[in-house]
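First comes the structure, then the notes that go with it.
Number of protein chains: 2
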Amino acid sequence: MIDQIVTQVLSVFSNSVVADGAVKGIPVGISNRHIHLSAYHVETLFGRGHTLTPKKDLTQVGEFAAEETVTLVGPKGVLQGVRVLGPARKITQVEISCTDGFNLGILPPLRDSGQIVESAGLVVVGTSGAITLKDGVICAARHIHMNHDDAQRFGVSDGDRVMAEVDGPRGCIFKNVLVRVHPSFRLEFHLDTDEANAVGLKNGDQVRLPQCEEV
Amino acid sequence: MIDQIVTQVLSVFSNSVVADGAVKGIPVGISNRHIHLSAYHVETLFGRGHTLTPKKDLTQVGEFAAEETVTLVGPKGVLQGVRVLGPARKITQVEISCTDGFNLGILPPLRDSGQIVESAGLVVVGTSGAITLKDGVICAARHIHMNHDDAQRFGVSDGDRVMAEVDGPRGCIFKNVLVRVHPSFRLEFHLDTDEANAVGLKNGDQVRLPQCEEV
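Right, here's the structure in full:
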């Protein structure tokens, strides 16, 4: 056990001091509050036959920020101009920060994307109508997108939970970061605005995986 | 060096598994946005001869939340009902989160309390008047209050920077946590709402100092 610990600790140390570019950081993508809509809900909110209009491509292939925005209405507050992300999905899902939840007056549970059973609800208002979600509102758990080459390089697999280290005056080590591996994924660490603001991260900054020896 | 590392790592492991109560957590105190006012500014905002009315004692001896609240006005937004903390201080200081800063349209620097040179400014409005702060608005750096007994127990000194570990699904290890030692201080880890929401901490929860072997 001691051998194992020493090897692991030394690998972290050596990672920190390597200067030949072998240690690559993971770019940060900060998720502001947003909503994924089903095609049915796109029509309810924006009119019959309506489809989402791409405004800006996101880092992950095929994903885009749409021109459309919605208003989220909770028992205690309202958030306007909440961006719709496309393309349309099978199930509508709202991703907000814990701070947003307080302002709306709801308590979204911390969940991996897609796990919306018994999550929080609220009212979503578009330009042509509104929907009342009984569930579908979550606080998305931070995660890292990567393809199989990245996974091999970091020595991790889909579904692993790893630590991600942030440098700087507000530096921290995030524990329990979910690894999501898919051939189409581009390397990116997704966290929400609470997390980014708490540790002083901006889009384009990088984090490291201190426990993963790169090969 | 290897001996040192092994000792350190094993001490962390043993700390984690001790079950006799020797490893004590540090209670968490979450700082919502607030303002400390000079006696002069108390009068400007609330009327000549006005002094603060204690509403609720805080954990730190002599400190209290006052009945008085103010409105913070920035170039992009307004925050109402911001609590005044007493007693009056020599210099007015506003402590907000980074998220608050975005909403107000200002960029408060991360600072230890009292370090307000070239910090951010804004307008503060009370019931009887307003003040325009050229500086004094900061994002307070997380820190731990403790007395000398605590400091000895944790093996730390005033001004040290330590790591503080948070358990749970959003667990993390905060780096660069300032230790503040004073005979009157009660043991408490202060962090702001961004940090608390990012890691799922609530008032009364506890953090640990993984690198400090308690004696």
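Chains as they are written, first to last, in the numbering used here: chain A, 1 to 215; chain B, 216 to 430. All C-beta atoms, glycine included, are put in the ideal place defined by N, C-alpha and C.
Item	Value
B/Val309, DSSP secondary structure in three states	strand
Complete runs of the beta strand (DSSP E) confined to the region 130-154 of chain A [at least 3 residues]	130-140, 143-146
Chain B contact for A/Asp194 (CB, 7 Å cutoff)	yes
Proximal residues, the region 372-392 of chain B versus chain A, C-beta separation under 7 Å	Pro384, Arg385, Gly386, Cys387, Ile388, Phe389, Lys390, Asn391
Reduced DSSP category for A/Asn176 - H, G, I as helix; E, B as strand; rest coil	strand
Bridge partner(s) assigned by DSSP for B/Val396	B/Met361
Presumed contact (8 Å Cβ cut-off) between A/Leu191 and A/Pro27, rounded CB distance	Not confirmed; about 12 Å, so no contact.
Residues from the region 295-312 of chain B in contact with chain A, defined by Cβ distance under 9 Å	Ser312
Burial state of A/Pro75 (16 or more Cβ within 10 Å)	exposed
With 16 other Cβ atoms within 10 Å as the buried cut-off, status of A/Gly21	In this predicted model, A/Gly21 has a pLDDT of only 40, less than 50, meaning its place in the structure is not dependable; the value taken from the coordinates is given anyway. Exposed, by the Cβ-count rule.
CB contact flag (A/Gly136, A/Thr193, <7 Å)	no
Best match in A/Leu85, A/Thr132, A/Gly204 for proximity to A/Gly62 [C-alpha to C-alpha]	A/Leu85
Terminal residues of the alpha helix (DSSP H) in which A/Leu187 lies	Segment: none, A/Leu187 is in no alpha helix (DSSP H) and carries neither H nor E.
7 Å Cβ cut-off: residues of chain A touching B/Asn412	Ser97, Cys98, Thr99, Asp194
Cβ contact check for the region 160-169 of chain A and the region 119-131 of chain A: 3 or more pairs under 8 Å	no
For B/Val297, the nearest candidate out of B/Gln275, B/His249, B/Gly244, B/Ala280 (CA to CA)	B/His249
A/His34 (DSSP reduced to helix, strand or coil)	strand
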